[in-house]
Amino acid sequence: MTKQERYTKVLQYFETEVGQAETELLYSSPYELLVAVILSAQCTDKRVNLTTPKLFEAFPTAEVLAEAKKETVFEYIRSISYPNNKARHLIGMAKMLISEFKGIVPSKVEDLVKLPGVGRKTANVIAAVVYDKPTMAVDTHVFRVSNRIGLTVNAKNPLQSEKQLIKFIPEELVSKAHHWLILHGRYVCTARSPKCELCKIKAYCKYFEKHFIKPKKKKINLTIKHP
921 MTKQERYTKV LQYFETEVGQ AETELLYSSP YELLVAVILS AQCTDKRVNL
971 TTPKLFEAFP TAEVLAEAKK ETVFEYIRSI SYPNNKARHL IGMAKMLISE
1021 FKGIVPSKVE DLVKLPGVGR KTANVIAAVV YDKPTMAVDT HVFRVSNRIG
1071 LTVNAKNPLQ SEKQLIKFIP EELVSKAHHW LILHGRYVCT ARSPKCELCK
1121 IKAYCKYFEK HFIKPKKKKI NLTIKHP
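Structure follows, in structure tokens:
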């Protein structure tokens, strides 16, 4: 199976069987999504969703958040991973959002990554989800799943993975494919003990082929022992 054939089969399955897929983070505005994605770094969406309602109630806009003290924000997000750093990033992000972008979440990745706490993955999420741009956010799930299936080859970091995925995924499917791969990695192709027996795309998966279809051959000892 060629790489293009693999992409075609996998994308056809997701488009037919999964269809529309969205982020599991809860938000009601671009500002809220930006805050949620910053908080989600090395943290589960479930934990973020438990934390953000009170945070958004206390800081409903970037203007309000920009005036907050780090210690105050920390109290709202203390159950999130790295709360000290993220409290500082959130306030810095809000201040720059007002000073540089008039309070409007920018649509360009190169502008988004200027914001404190916003890396390329976060910027790609915002560009794709809010502005429907063909950007591929590569988190740990996307990186792992695309490598296991064989959509990426020898990708050593998220940027290399992103470039390979963008090359083969049709532009109109990129933002959907990001969510397809995340959800597949979260619920089927898990980091430990992937659920290969339940996987509907195992026929196109290099990991399944290597570990279940083509088991390693045992070495045969041909040494002749003389009496």
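For the sequence shown, counting from 1, position 204 maps to 1124 in the working numbering; every step adds exactly one.
Where a beta carbon is used, it is the ideal one built from N, C-alpha and C, also for glycine.
Buried or exposed (CB count within 10 angstroms, at least 16 for buried), Gln1165: This structure cannot speak to residue 1165, because the chain is shown only from 921 to 1147.
Let me make sure I understand the geometry here. Which of Lys1015, Pro1078 and Glu944 has the alpha-carbon closest to that of Phe979? Among Lys1015, Pro1078 and Glu944, the Cα nearest to that of Phe979 is on Lys1015.
For Glu987 and Arg1068, I'd like the C-alpha separation in whole angstroms. Linking Glu987 to Arg1068 through their CA atoms gives a straight-line distance of about 45 Å.
Ordered along the chain, which non-local residues of its own chain (more than five positions away) have a Cβ less than 7 Å from that of Trp1100? These residues qualify, in order along the chain: Phe934, Val938 and Ala941.
Using DSSP with H/G/I as helix, E/B as strand and the rest coil, what is Thr987? First, the residue type needs correcting, since residue 987 is Glu and not Thr in the sequence shown. Secondary structure at Glu987: coil, using DSSP grouped into helix, strand and coil.
For Glu1082 and Phe1088, I'd like the C-alpha separation in whole angstroms. Near 10 Å, if we compare the C-alpha coordinates of Phe1088 and Glu1082.
State the CB to CB distance for the pair Val968 and Leu945, rounded to an integer number of angstroms; the pair is presumed to be in contact (CB under 8 Å). Taking a contact as a CB-CB distance under 8 Å, the pair Val968 and Leu945 counts as one, their CB atoms being some 6 Å apart.
Span separating the alpha-carbon of Val957 from that of Thr1110: Taking the straight line from one Cα to the other gives about 21 Å.
In three-state terms, what does DSSP make of Glu1091? In this structure, Glu1091 counts as helix in the three-state DSSP scheme.
Identify whether Val1045 lies in helix, strand or coil by the three-state DSSP scheme. Helix.
Taking 7 Å as the cut-off, is the CB of Ala982 close to at least one heavy atom of the ligand HEM? In the structure shown, the ligand HEM is absent, as is every other ligand, since no ligand is present at all.
If I measure Cβ to Cβ from Ser960 and keep anything under 7 Å in the same chain, skipping five residues before and after, which residues do I get? Only Leu945 and Val968 meet the Cβ criterion.
Evaluate contact between the region 1023-1033 and the region 992-1005, counting only Cβ atoms and requiring at least three cross-stretch pairs below 8 Å. Counting Cβ pairs under 8 Å, fewer than three are found: no touch.
Let me make sure I understand the geometry here. Which of Asn1077, Leu1071 and Lys1053 has the alpha-carbon closest to that of Leu1085? Selection Asn1077, Leu1071 and Lys1053 evaluated against Leu1085 yields Leu1071 as nearest (Cα-Cα).
Should Ile1046 go down as buried or exposed, given a rule of 16 or more other Cβ atoms within 10 Å for buried? Classification for Ile1046: buried.
Collapsed DSSP secondary structure at Ala956 in the structure displayed: The answer is helix: DSSP assigns Ala956 an H, G or I state.
Using only the alpha-carbon positions, how far apart do Pro950 and Val1025 sit? Approximately 6 Å, taken between the alpha carbons.
Between which two residues does the alpha helix (DSSP H) holding Glu935 run? Looking at the DSSP string, Glu935 is not in any alpha helix (DSSP H), and its letter there is neither H nor E.
Alpha helix (DSSP H) containing His1131: first to last residue? Neither: His1131 is in no alpha helix (DSSP H) and is coded neither H nor E.
So, Gly1105 versus Arg1064, is the Cβ gap smaller than 8 Å? Cβ distance < 8 Å, so Gly1105 and Arg1064 count as in contact.
Using C-beta distances below 6 Å, list every residue in its chain close to Thr936, excluding the 5 sequence neighbours before and after it, in chain order. Within the same chain, no residue comes within 6 Å of Thr936 by CB-CB distance, once the 5 residues on both sides are set aside.
Close-in-space but distant-in-sequence residues of the same chain around Lys929 (CB under 6 Å, 5 per side omitted): The answer, listed in chain order, is Tyr1124.
Between Glu1117, Thr943, Asn1005 and Ser948, which lies nearest to Lys966 when the distance is taken from Cα to Cα? For Lys966, the nearest C-alpha among the options comes from Thr943.
So the candidates are Asp1059, Lys1115, Val1049 and Glu983; which of them puts its Cα closest to the Cα of Leu953? When each option's Cα is compared against that of Leu953, the closest is Val1049.
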